[in-house]
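Take this note's numbering: the final residue in the sequence shown is number 415, and no numbers are missing along the way.
Every residue gets a Cβ at the ideal spot worked out from N, C-alpha and C, and that includes glycine.
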Amino acid sequence: MLCEPGAEAVGGGTRTAPSPMRETSRGEHPGRQYPPDSANQGVPASEAEDTVRLLGPDGELAATGPYASYVGHLDMEDVRAMYHDMVLTRRFDQEATALQRQGELGLWVPSVGQEAAQVGSAHALRPQDFAFPGYRDHGVVASRGVDLMQVLAHTRGVDHGGWNPYEHNCHFYTLVVGAQTLHATGYAIGVRKDGACGTGDPTRDEAVIVYFGDGATSEGDVNEALVFAAVNKAPLVFFCQNNQWAISEPVTRQSIVPLSRRGDGFGVPGVRVDGNDVLACYAVTAAALDEARAGHGPRFIEAVTYRVGPHTTADDPARYRDSAETDAWRARDPIARLRRFLERRGTTGQDFFDGVEREADALGERTRRTVRGLEAPPLDHFFDIAYAEPHPLIDEERSWWATNESSPAGGAR
Ligand SMILES: Cc1ncc(C[n+]2csc(CCOP(=O)(O)OP(=O)(O)O)c2C)c(N)n1
Ligand SMILES: [Mg+2]
Numbered sequence: 003m004l005c006e007p008g009a010e011a012v013g014g015g016t017r018t019a020p021s022p023m024r025e026t027s028r029g030e031h032p033g034r035q036y037p038p039d040s041a042n043q044g045v046p047a048s049e050a051e052d053t054v055r056l057l058g059p060d061g062e063l064a065a066t067g068p069y070a071s072y073v074g075h076l077d078m079e080d081v082r083a084m085y086h087d088m089v090l091t092r093r094f095d096q097e098a099t100a101l102q103r104q105g106e107l108g109l110w111v112p113s114v115g116q117e118a119a120q121v122g123s124a125h126a127l128r129p130q131d132f133a134f135p136g137y138r139d140h141g142v143v144a145s146r147g148v149d150l151m152q153v154l155a156h157t158r159g160v161d162h163g164g165w166n167p168y169e170h171n172c173h174f175y176t177l178v179v180g181a182q183t184l185h186a187t188g189y190a191i192g193v194r195k196d197g198a199c200g201t202g203d204p205t206r207d208e209a210v211i212v213y214f215g216d217g218a219t220s221e222g223d224v225n226e227a228l229v230f231a232a233v234n235k236a237p238l239v240f241f242c243q244n245n246q247w248a249i250s251e252p253v254t255r256q257s258i259v260p261l262s263r264r265g266d267g268f269g270v271p272g273v274r275v276d277g278n279d280v281l282a283c284y285a286v287t288a289a290a291l292d293e294a295r296a297g298h299g300p301r302f303i304e305a306v307t308y309r310v311g312p313h314t315t316a317d318d319p320a321r322y323r324d325s326a327e328t329d330a331w332r333a334r335d336p337i338a339r340l341r342r343f344l345e346r347r348g349t350t351g352q353d354f355f356d357g358v359e360r361e362a363d364a365l366g367e368r369t370r371r372t373v374r375g376l377e378a379p380p381l382d383h384f385f386d387i388a389y390a391e392p393h394p395l396i397d398e399e400r401s402w403w404a405t406n407e408s409s410p411a412g413g414a415r
């Protein structure tokens with residue numbers, strides 16, 4: 003199936019038609035088969051029959067099924083790039099967690115366990131596509147080329163955003179649960195109005211992807227976004243990482259059917275994927291983005307994964323979940339699974355794995371050094387960047403803060 007660079011890619015490097023996420027005349031699509039609900043009745047959703055999986059737990063690649071052709075054009079260099087991004091994201095995450103514990107960051111939101119969902123889906127994006135992450139999506143922004151050090155400025159509280167969204171076609175983090183789905187919908191409707199999708203030229207057509215969690219699916223914002231995206235045929239992929247928990251609320255409190263069906267009533271086709279299988283995440287996202295770019299409207303993906311760490315560094319998951327559950331998911335580690343695949347293939351030498359480790363060590367060192375060197379900007383900076391043009395209310399607030407800052411009580415910070 004996958005081959006070394008220069009060797010022939012299986013499937014001739016092309017994708018089969020029709021897309022598994024193409025709607026039929028009855029408004030259905032072949033990738034959607036719902037068995038009697040297995041999401042919340044004892045069968046782990048990642049093991050359910052209708053969950054798309056290409057990499058088995060032992061790293062064996064299944065070359066069949068409607069999504070297999072979506073990885074047919076990848077070569078092993080592409081897969082090694084995904085492994086690289088997953089390992090570096092995890093190391094960054096671990097360093098940032100430690101730095102928060104040392105008081106260097108205000109808060110940290112770990113992504114451990116979700117690297118395959120984030121990196122696999124983000125690698126399916128083209129440069130012209132636009133991503134709207136949530137607040138846990140370090141693997142997404144790293145894959146888009148954002149320097150992870152810019153995430154730290156945000157969590158150290160010295161910057162409101164972190165980076166310029168247009169530099170990498172990647173919006174900054176949104177902490178208001180689900181709000182980014184509305185931002186993404188508006189952006190995607192704009193793409194459609196600009197005639198930048200559905201032109202028939204896949205090298206130019208644009209799509210948008212938005213990331214959110216299982217808990218967010220219960221938010222009004224997400225449901226409103228689905229309405230607007232559907233009726234406006236927005237070129238948007240809703241990528242839901244079902245990591246089983248919304249802080250202390252289990253996914254069983256969000257839905258009694260698989261979340262991949264959340265789009266049904268809105269006319270948005272959905273698919274469920276093993277979120278710990280980076281190749282399956284790549285494949286289903288590539289299929290959904292193709293549909294969006296072609297002007298066929300939004301698609302919904304539920305990536306079944308697990309939040310191995312706490313919700314944030316302010317949370318203690320031992321108070322609400324069983325450690326046996328976490329252990330079971332640790333055994334499904336997405337990085338170990340991909341490594342088994344690379345090792346089975348036999349064409350990736352120890353040199354590669356050692357090189358990635360060395361890069362991870364260097365990133366860890368850079369993370370520690372960068373955080374400690376991040377200084378708070380002068381307060382005026384935040385007023386300067388609020389609007390492009392001067393604004394009377396901002397001026398009023400600026401002078402209030404200036405007075406307050408210099409007050410005898412020491413002022414607010
Ligand atoms: C509108 C809103 N309500 C509540 C919160 C507090 N809050 C932050 S994260 C979170 C849980 C979100 O869970 P989920 O959507 O599953 O995403 P995850 O954190 O698991 O990635 C909540 C309730 C918030 N930030 N915004
Ligand atoms: Mg969640």
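* residue 29, buried or exposed, once every other Cβ within 10 Å from all chains shown has been counted against 16 -> Only weak support exists for where residue 29 lies, its pLDDT of 43 falling under 50; the coordinates are left without a value.
* Beta carbon of residue 264: closer than 7 Å to some heavy atom of ligand 1? -> no
* Asked: Is residue 136 near ligand 2, judged by its Cβ being under 7 Å from some heavy atom?
  -> no
* Given residue 257 as reference, the closest of 217, 289, 278 once Cα atoms are compared -> 217
* Assign residue 176 to one of two classes, buried (16 or more other C-beta atoms within 10 Å of its C-beta) or exposed (fewer than that). => buried
* Asked: Roughly how many whole angstroms lie between the Cα atoms of residue 389 and residue 380?
  -> 17 Å
* From what residue to what residue does the beta strand (DSSP E) around residue 359 run? -> Careful: residue 359 lies outside any beta strand (DSSP E), inside the alpha helix (DSSP H) at 352-375.
* Compute the Euclidean distance between the alpha carbons of residue 173 and residue 136, then round it to the nearest angstrom. => 9 Å
* Buried or exposed: which applies to residue 91, given that a residue is buried once 16 or more other Cβ atoms fall within 10 Å of its Cβ? -> buried
* Do the region 226-236 and the region 144-153 meet, that is, are 3 or more Cβ pairs less than 8 Å apart? -> no
* To do: Can you say whether residue 41 is buried or exposed, counting buried as having 16 or more other CB atoms within 10 angstroms of its CB?
  => Note on residue 41: pLDDT 40, under 50, position unreliable in the model; no value is reported.
* Go through its chain and collect everything with a Cβ distance to residue 400's Cβ below 6 Å, but skip five positions before and after it. => 385
* Of the listed residues 158, 215, 170, 224, nearest to residue 186 (C-alpha basis) -> 224
* Excluding five sequence neighbours on each side, which residues of the same chain lie with their C-beta closer than 8 Å to the C-beta of residue 108? -> 102, 157, 158, 159
* Secondary structure at residue 63, three-state DSSP: helix, strand or coil? -> strand
* To do: Return the residue from the list 249, 284, 255 that minimises the CA-CA distance to residue 241.
  => 284
* **Any residue whose CB is nearer than 5 Å to a heavy atom belonging to ligand 1, listed in chain order** => 138, 178, 179, 215, 216, 217, 218, 245, 248, 249
* **Where residue 258 sits in the DSSP three-state scheme** => coil
* Asked: Any heavy atom of ligand 2 closer than 7 Å to the CB of residue 371?
  -> no
* Asked: Taking the alpha carbon of residue 142 as the point to measure from, which residue in 131, 397, 122, 155 has its own alpha carbon closest?
  -> 122
* Asked: Less than 7 Å between the CB of residue 194 and some heavy atom of ligand 2, yes or no?
  -> no
* Every unbroken alpha helix (DSSP H) within the region 130-217, with a cutoff of 4 residues, ordered by chain -> 140-145, 151-157, 181-195
* Near residue 243, which residues of its chain fall below 7 Å by C-beta distance, leaving aside the five closest residues on each side in sequence? -> 116, 119, 213, 215, 277, 305, 307
* **Euclidean distance between Cα positions of residue 262 and residue 404** => 50 Å
* Regarding residue 301 and ligand 2, is the C-beta to nearest heavy atom distance less than 7 Å? -> no
* To do: Kindly examine ligand 2 and report whether one of its heavy atoms sits closer than 7 Å to the Cβ of residue 309.
  => yes
* **Per DSSP, the bridge partner or partners of residue 272** => 302
* Asked: Which residue or residues does DSSP assign as beta-bridge partners of residue 53?
  -> 274
* Residues bridged to residue 111 (per DSSP) -> Residue 111 pairs with nothing; no bridge assigned.
* Start-to-end residues for the beta strand (DSSP E) that takes in residue 381 -> Here residue 381 belongs to no beta strand (DSSP E), and DSSP marks it neither H nor E.
* Which word fits residue 407, buried or exposed, when buried means at least 16 other C-beta atoms lie within 10 angstroms of its C-beta? -> exposed
* Would a C-beta distance cut-off of 8 Å place residue 295 and residue 237 closer than the cut-off? -> yes
* Asked: How big is the Cα-Cα spacing for residue 64 and residue 79?
  -> 19 Å
* To do: Just tell me which of 249, 337, 288 has its CA closest to the CA of residue 311.
  => 249
* Do residue 22 and residue 68 have their CB atoms nearer than 8 Å? -> yes
* Residues near residue 182 in its chain [Cβ-Cβ closer than 8 Å; skip 5 each side] -> 134, 135, 136, 173, 176, 212, 213, 214
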